[in-house]
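Engineer: Numbered per this note's numbering, the sequence shown spans residues 38 to 201. Each residue gets a CB set at the ideal place from its N, CA and C atoms; glycine is no exception. First the structure, which I've put down as structure tokens, then a few questions once you've had a look.
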Amino acid sequence: MTTFNRPRPLSDLVPGLTKDIFGKKNLLFGKLIAQWVDIVGPETAAHTMPVELKFQRKTEKEKGGSPQAVLLLGVQPAFALEFSYQKNLMIERLNAFFGYPAIKDIKIIQDSSIMDNKKPKPVKIKPLTLQEQQSIDAVTADIKDNDLQTALKNLGKAIASRKE
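Take a look at the structure:
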């Protein structure tokens with residue numbers, strides 16, 4: 038006898054609910070978006086966002102095997118050239134993540150509006166100790182120009198308060 042009222046993990050229900058909407062091919066895209074930071078690393082993920090995964094129709098010669106796709110990738114314009122040099126490495130990482138050659142190519146779309154939803158990570162700072170504050174004051178004490186002295190103190194505080 039099966040009971041249908043028992044609690045089940047949400048992860049057991051999601052594939053059945055989204056199969057008709059996403060299909061098998063778009064399930065890859067959902068997986069790609071969910072794991073993007075892990076696949077490409079936090080620095081690259083901060084400048085990029087997967088936009089679409091386009092699967093190409095196979096000709097009669099190409100029938101059989103796994104389907105391959107072209108990834109349309111939104112990239113901040115300032116990072117586009119640097120990313121173009123890393124494109125082949127990213128294709129290798131993506132294919133390793135999927136476990137088969139799922140990605141055939143990456144097409145770069147330069148669009149800064151894609152990145153508007155990305156928030157910069159907050160800077161982690163630690164409070165200065167009394168000893169660190171006194172050290173900064175001692176180093177800058179002999180500087181006569183008040184503006185320069187203030188700027189150097191602020192620089193010293195910023196450097197000393199970084200968490201490592």
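Taking all protein chains shown into account, do 16 or more other C-beta atoms lie within 10 angstroms of the C-beta of Val74, making it buried, or fewer, making it exposed?
Structural biologist: For the purposes of this step, residue 74 is identified with residue 37 of the sequence shown, where counting begins at 1. Looking at its Cβ environment, which holds fewer than 16 other Cβ atoms inside 10 Å, Val74 is exposed.
Engineer: Starting from the Cα of Ile173, find the closest Cα among Thr187, Pro87, Ile162 and Lys181 and give me that residue.
Structural biologist: Counting from 1 along the sequence shown, the entry for residue 173 is found at position 136. For the residues Thr187, Pro87, Ile162 and Lys181, the minimum Cα distance to Ile173 belongs to Thr187.
Engineer: How would you label Thr85, buried or exposed, when you count the other beta carbons within 10 angstroms and need 16 or more for buried?
Structural biologist: As a first step, residue 85 is located in the sequence shown; it is residue number 48 there, counting from the start. That one is buried.
Engineer: Less than 8 Å between the C-beta atoms of Met127 and Ile145, yes or no?
Structural biologist: Counting from 1 along the sequence shown, the entry for residue 127 is found at position 90. Counting from 1 along the sequence shown, the entry for residue 145 is found at position 108. No.
Engineer: Keeping to the same chain, check which residues put their C-beta closer than 8 Å to that of Thr177; ignore five residues upstream and five downstream.
Structural biologist: For this step, residue 177 is matched to residue 140 along the sequence shown. These residues qualify, in order along the chain: Gln186, Leu189, Lys190 and Gly193.
Engineer: Out of Ala175, Gln170 and Gln147, which has the shortest C-alpha to C-alpha gap to Ala195?
Structural biologist: By one-based count along the sequence shown, residue 195 stands at place 158. The option with the nearest alpha carbon to Ala195 is Gln170.
Engineer: Do Phe135 and Leu65 come within 8 Å of each other at the CB atom, strictly closer than that value?
Structural biologist: Here residue 65 refers to the residue found at position 28 when the sequence shown is read from its first residue. Here residue 135 refers to the residue found at position 98 when the sequence shown is read from its first residue. Yes, they are a contact pair.
Engineer: Helix, strand or coil for Ala71, going by three-state DSSP, please let me know.
Structural biologist: Locating residue 71 in the sequence shown gives position 34, counting from the first residue. Ala71 falls in the helix class under three-state DSSP.
Engineer: From Lys181, Val77 and Asn132, pick the residue whose C-alpha is nearest to that of Lys141; which is it?
Structural biologist: Numbered from its first residue, the sequence shown carries residue 141 at position 104. Measuring from the Cα of Lys141, the nearest candidate turns out to be Asn132.
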